[in-house]
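Going down the list, the protein sequences come from chains A and B. Once you know that position 262 of the first sequence is 262 in UniProt numbering, the rest is easy, because the numbers rise by one and skip nothing. Once you know that position 417 of the second sequence is 417 in UniProt numbering, the rest is easy, because the numbers rise by one and skip nothing. The structure appears below as structure tokens.
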Amino acid sequence: MRLLHSFVPSLLLSGACIVSAASSWSFEDASISVSGKGSGAGAKDKLSPDTPLAKPVSLGATDTLKILLTTTDGKTAKRPHQAFLTLTDPTSGLHESFVFSVKESGKAKVDLSHKDLPHQFLSSSKPIPASIVIGSFGSSAPYKAKVFDLNIALDPNTPLAVPEKPERYAAQEEIHHIFRAEPRSPPKIISLVFAVAVLGALPVLFGVWATLGANVNHFGKAFGNAPISHALFYGSIVAMEGIFFLYYTSWKLFQVLPAAAVVGLVAFISGSRALSEVQERRLAGLR
Amino acid sequence: MRWLFSFLALVLLGVAQAKSFSGSRLLVILEEQSEKEKYSALLGDLNDRGYQTTVESPKADKLSLFKHGERAYDHVILLPGKSKGLGPALTANQFLDFMKSEGNVIVALSSSNTIPSSVQSLLLELDIHTPTDKGALVVDHFNYDSVSAADKHDVLLLPFPNPPRRDVRNFFAGEGVLAAPRTVGQVLGNNSPLLAPILRAPSTAYSYSPKEEADIVEDPFATGEQLTIVSSLQSHNSARFTVIGSAEMLQNEWFLADAKLNGKAVKTANREFAKQITEWTFKETGVLKVGKLLHYQNEGQNKKLNTSTAIPENNPTIYRIKEDVAFQVEISEYKSDHLVPFFPASDDTIQLEFSMLSPFHRLNLSPIGQTANSTIFGVSFKTPDQHGIFNFRVNYRRPFLTNIDEKRQVTVRHFAHDEWPRSWQINGAWPWIGGIWVTVGGFVAFVAVWLYSAPTEKSTKKTQ
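See below:
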């Protein structure tokens, strides 16, 4: 039964093939019009199945695009099973088909406005090629050809609601996050100039002291009176600075503290002797 | 003694091992045992690849996907049958549980049979949509087989699929033409990244219901490339699920059939495609395995410590901020029966994230070496200027490849007090350091002057 069922149509078909082998689907009497809301019928053009429309059709936000045509099989008007207006997004390759409503007589109609279009088409900057696809069962050759380009004119006042892109697994953007930029120093030459200027202040200071009459002429006298205490006192002061220098460069705090304590004690004891010697000189009118 | 044991183990392995990475127990659910003949080439191919095939009817008493709470099979092929229900052993939940325990499923649909309700709800659960009308099928008036479907145009002839994106490896490439007879088209949900179409319908195809839309299609279920003929899903645990819209694609009849596409005689290559689909779904291809993962300090005294590949992972647990760190990971790909070095598709890269809550660094890993069965991917970078608990994370998810998500936690600490750059290394500080030593020098000189200065003429006069 099943075999017969499939056999009969193919028999019929092979009969039909002989008659209409060369027939193919197409359309005729096609017109395209864009009508605005309230403004009535706008531009109207004739569509040809062989050559696409020379200039693109523009579709505004409130406009409706309407295509009327008659589908034909060979020369006779006939209703096909498939009559689509297919838009192809040139950037993403997205296809979207709009179905013609076709009457028994082959008269077909399709309306298109912004709300029918997926957002990819609305955000497309290039003209969108629109093709008509007509096909049906049987042996007649189907028809598919580009008939016009569609330009989407957006209303600049209403922003386009583009939904968030759905997640797809792919390599993501690289991230190199830094909280604070590295601290920066001025050019070395500038630091050097100022460092030299600062160091130059020391000879200037000595020079000023010299003009005021500062000297170390009593050095011999002081060492003659109290050699050990002066040597220890002045030595301990220099040593303390040396300890500070070592602390700055390499020593840890607990290396510094005992050394500073020892040097401090030496300075305290020798200092009292050395300073008594200085007092003696002052009382002798030698200061 | 030991060699004998290992020899025995090897022999046992050799007997039991299928080419699949995950196991060899295959359950084929087929209602009419008489239809087994139609799929004999497919089942023969699977047996040749080492699968232990059990063919069961959904009505069989003892049929269950689980035994003692564990998977009883590693893979399932569900072929269409006449009955509307599949019974209590094959509910949508059973299939989902099966996938949750990493079982792989192929579901074949047929437009001449109704889709069982459990399969329908399973597909809906996975966001794969099929037409609700019984008998709905895909036709294409442009790419049909004019030998077997001269009138009905429901046997589609298609080339092998192109890769869906440039950064996705194509596991389903081939020469020849695929026949998809009487297909139930599917539409994939847009929100799930787990879904991936394997074979799309041509741009002029559409799905219609022969009963209700015999004269003209008014409201098609889907049109063009939005219809998929074979679609796939890989879950987070890398279990694989494939829907084949046309069970007839897998039948002997179409494995090497003579067909005619637009007047040109062609041979169908469905056997090759069926092999590719079963290989992929049953984890013979596209399975990634992570080997040794290394990270090490790439500066100072510990530079390149623990980098030997011979010893097991022995990575440091602590790093300092702003420190040079190197990372490398071995990744292999399973190919039929052995591991080979993995290379991502040309536009694709594996990425390393160094993250605390969110990634601070996301870096492309580049292949820096190769072992016998893995590629070593590596990158060097500077740890961020923020202390905390960080992860080295390789989260590699791509369509058709099993997921990799490897994490290694490390602490990133502050600078210790003696690790900061010394002040003399900062040239902006030079005038200030100079100032301090000028003061020190001045003080020492002042003490000397104060202690040892002799009175001058002027000053003696002044005091008197």
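The C-beta atom is built at its ideal place from N, Cα and C for all residues, glycine as well. Predicted, not measured: the structure shown is a model, and the values here were computed from it.
Specify the secondary structure class of A:Pro118 as computed by DSSP and reduced to three states.
-> Position 118 of the first sequence, counted from the first residue, corresponds to residue 118 of chain A. Coil.
Residues bridged to B:Pro341 [DSSP beta-bridge criterion] = Position 341 of the second sequence, counted from the first residue, corresponds to residue 341 of chain B. B:Ser332, per the DSSP bridge assignment.
Select from A:Val57, A:Asp149 and A:Lys188 the residue whose C-alpha is nearest the C-alpha of B:Gly428.
-> Position 428 of the second sequence, counting from 1, holds the residue named residue 428 of chain B. If we check each option's Cα against that of B:Gly428, A:Lys188 comes out closest.
Distance, Cα to Cα, B:Ser355 vs B:Leu363?
-> As a first step, residue 355 of chain B is located in the second sequence; it is residue number 355 there, counting from the start. As a first step, residue 363 of chain B is located in the second sequence; it is residue number 363 there, counting from the start. In this structure, the alpha-carbon of B:Ser355 lies about 11 Å from that of B:Leu363.
Apart from the five residues just before and just after B:Val230, which ones in its own chain have a Cβ nearer than 6 Å to its Cβ?
-> Counting from one through the second sequence, the residue named residue 230 of chain B turns up at place 230. Within the same chain, B:Val230 has close Cβ partners Ile198, Leu199 and Ile244.
Under 9 Å between beta-carbons, which chain A residues line up against B:Ser110? List them in chain order, please.
-> One-based indexing of the second sequence puts residue 110 of chain B at position 110. Neighbours of B:Ser110 on chain A: none; closest Cβ ~15 Å, over 9 Å.
Could you name the residues of chain A that B:Tyr206 contacts, counting a contact when the two beta carbons are closer than 8 Å?
-> Start at 1 with the first residue of the second sequence, and residue 206 of chain B comes out as number 206. Near B:Tyr206 (Cβ distances below 8 Å), the residues of chain A are Gln82, Phe84 and Ser97.
Per DSSP, which residues does B:Leu158 bridge with? Please list them.
-> On the second sequence, position 158 is the one that residue 158 of chain B refers to. Answer is B:Leu178, bridged to B:Leu158.
Identify each residue in the stretch 351-376 of chain B for which the Cβ-Cβ distance to at least one residue of chain A is less than 7 Å, and report them in chain order.
-> Only Gln351, Pro359, Phe360, His361, Arg362, Leu363 and Asn364 from the stretch 351-376 of chain B bring a Cβ to less than 7 Å from some Cβ of chain A.
For B:Val155, I'd like the list of residues in its chain whose CB is within less than 8 Å of its CB, leaving aside the five on either flank, ordered along the chain.
-> Working through the second sequence from its first residue, we reach residue 155 of chain B at position 155. Hits under 8 Å: Tyr144, Asp145, Ser148, Ala149, Ala179, Ala180, Pro181, Arg182 and Ala259.
According to the Cβ coordinates, are B:Leu137 and B:Leu194 closer than 9 Å?
-> Locating residue 137 of chain B in the second sequence gives position 137, where the first residue counts as 1. Locating residue 194 of chain B in the second sequence gives position 194, where the first residue counts as 1. Cβ atoms of B:Leu137 and B:Leu194: not closer than 9 Å.
Could you please tell me which residues of the stretch 385-407 of chain B, in chain order, have their CB closer than 7 Å to any CB of chain A?
-> For the stretch 385-407 of chain B, the beta-carbon criterion of a distance under 7 Å to any beta-carbon of chain A is satisfied by Asp385, Gln386, Arg397, Arg398 and Pro399.
Could you tell me the boundaries of the alpha helix (DSSP H) in which B:Gln94 lies?
-> Taking the first residue of the second sequence as position 1, residue 94 of chain B is located at position 94. Counting along the chain, the alpha helix (DSSP H) containing B:Gln94 begins and ends at Ala92 to Lys100.
For B:Leu122, three-class secondary structure by DSSP | Within the second sequence, the letter at position 122 stands for residue 122 of chain B. In this structure, B:Leu122 counts as helix in the three-state DSSP scheme.
Considering A:His81, what are the terminal residues of the beta strand (DSSP E) in which it resides?
-> Along the first sequence, one-based indexing puts residue 81 of chain A at 81. Where A:His81 is concerned, there is no enclosing beta strand (DSSP E), given that its DSSP letter is neither H nor E.
Hey, which unbroken runs of the beta strand (DSSP E) at 3 residues or more fall wholly within the stretch 386-435 of chain B?
-> If we require 3 residues or more, the beta strand (DSSP E) runs fully inside the stretch 386-435 of chain B come out as 388-398 and 401-413.
In chain order, which continuous runs of the beta strand (DSSP E) of length 3 or greater are located wholly inside the stretch 25-59 of chain B?
-> Within the stretch 25-59 of chain B, complete beta strand (DSSP E) segments of at least 3 residues are found at 25-29 and 52-56, given in chain order.
From B:Arg71 to B:Phe21, what does the alpha carbon distance come to, in whole angstroms?
-> Taking the first residue of the second sequence as position 1, residue 71 of chain B is located at position 71. Taking the first residue of the second sequence as position 1, residue 21 of chain B is located at position 21. B:Arg71 and B:Phe21 have their alpha carbons spaced roughly 16 Å apart.
Would you give the residue range spanned by the beta strand (DSSP E) that B:Gly369 belongs to?
-> Counting from one through the second sequence, the residue named residue 369 of chain B turns up at place 369. Note, B:Gly369: beta strand (DSSP E), Ser358 to Gln370.
Along chain B, in chain order, which residues have C-beta atoms closer than 8 Å to that of A:Ile178?
-> Here residue 178 of chain A refers to the residue found at position 178 when the first sequence is read from its first residue. Against chain B, a Cβ distance below 8 Å from A:Ile178 picks out Pro384 and Asp385.
Nearest-angstrom Cα separation, counted from A:Phe233 out to B:Trp450 | If you number the second sequence from 1, residue 450 of chain B lands on position 450. If you number the first sequence from 1, residue 233 of chain A lands on position 233. Straight-line Cα distance between these residues: approximately 13 Å.
Looking at the C-beta of A:Pro142, does it have a partner C-beta in chain B at a distance below 9 Å?
-> If you number the first sequence from 1, residue 142 of chain A lands on position 142. With a threshold of 9 Å between beta carbons, A:Pro142 makes contact with chain B.
So who's on the other strand from B:Lys67, going by DSSP bridges?
-> For the purposes of this step, residue 67 of chain B is identified with residue 67 of the second sequence, where counting begins at 1. DSSP, once it has assigned bridges, lists B:Glu70 as partnering B:Lys67.
Within 9 Å (strictly less), CB to CB, does A:Val198 reach chain B?
-> Numbered from 1 along the first sequence, position 198 holds the residue referred to as residue 198 of chain A. Cβ-Cβ to chain B under 9 Å: yes for A:Val198.
Check distances from the C-beta atoms of the stretch 222-253 of chain B to those of chain A and list, in chain order, the residues that come in under 8 Å.
-> Cβ contacts with chain A: Thr223, Gly224, Glu225 and Gln226.
Nearest-angstrom beta carbon gap, B:Arg413 and B:Ile318 [assumed within contact, 8 Å] = Taking the second sequence and counting its residues from 1, one reaches residue 318 of chain B at position 318. Taking the second sequence and counting its residues from 1, one reaches residue 413 of chain B at position 413. The C-beta distance from B:Ile318 to B:Arg413 rounds to 6 Å, short enough to meet the 8 Å contact threshold.
Which ranges does the beta strand (DSSP E) cover as unbroken runs of at least 3 residues, wholly within the stretch 246-282 of chain B, from first to last along the chain?
-> DSSP runs (the beta strand (DSSP E)) wholly in the stretch 246-282 of chain B: 258-261 and 264-267.
What separation, rounded to the nearest whole angstrom, lies between the Cα atoms of A:Pro186 and A:Ile152?
-> Numbered from its first residue, the first sequence carries residue 186 of chain A at position 186. Numbered from its first residue, the first sequence carries residue 152 of chain A at position 152. Taking the straight line joining both Cα atoms gives about 56 Å.
Within chain B, partners of A:Arg79 - CB distance below 8 Å = Stepping through the first sequence from its first residue, residue 79 of chain A is reached at position 79. Chain B residues near A:Arg79: Asp215 and Ile216.
Might you give, ordered along the chain, the residues of its own chain that have their beta carbon closer than 7 Å to the beta carbon of A:Ala226, omitting 5 neighbours on each side?
-> What you label residue 226 of chain A is simply residue 226 of the first sequence in a count that begins at 1. If the five residues before and after A:Ala226 are omitted, its C-beta is found closer than 7 Å to the C-beta atoms of Arg273, Ala274 and Glu277, all from its own chain and listed in chain order.
Close Cβ partners of B:Asp337 (< 7 Å) along its chain, the five nearest in sequence each way excluded = As a working note, residue 337 of chain B is residue 337 in the second sequence. For B:Asp337, where only same-chain residues beyond five positions count, the Cβ hits under 7 Å are Lys19.
Contact set between the stretch 158-177 of chain A and chain B, restricted to residues whose Cβ is under 8 Å from the partner = Interface annotation for the stretch 158-177 of chain A against chain B: Pro166, Glu167, Arg168, Tyr169, Ala170, Ala171, Gln172, Glu173, Glu174, Ile175, His176 and His177, criterion Cβ-Cβ distance under 8 Å.
Touching by the beta-carbon criterion (3+ pairs, under 8 Å), the stretch 323-331 of chain B and the stretch 261-275 of chain B = At 8 Å Cβ cutoff, the stretches do not touch.
Starting from A:Trp209, find everything on chain E with Cβ-Cβ shorter than 7 Å and list it in chain order.
-> Considering every chain present, this structure includes no chain E. Its protein chains are A and B.
With 7 Å as the limit, tell me which residues of the stretch 141-161 of chain B have their beta carbon closer than that to any beta carbon of chain A; keep them in chain order.
-> Flagged, chain order: His141, Phe142, Ala150, Asp151, Lys152 and His153.
How should B:Phe443 be labelled, buried or exposed, when 16 other C-beta atoms within 10 angstroms of its C-beta is the threshold for buried?
-> In the second sequence, counting from the first residue as 1, residue 443 of chain B sits at position 443. So B:Phe443 ends up on the exposed side.
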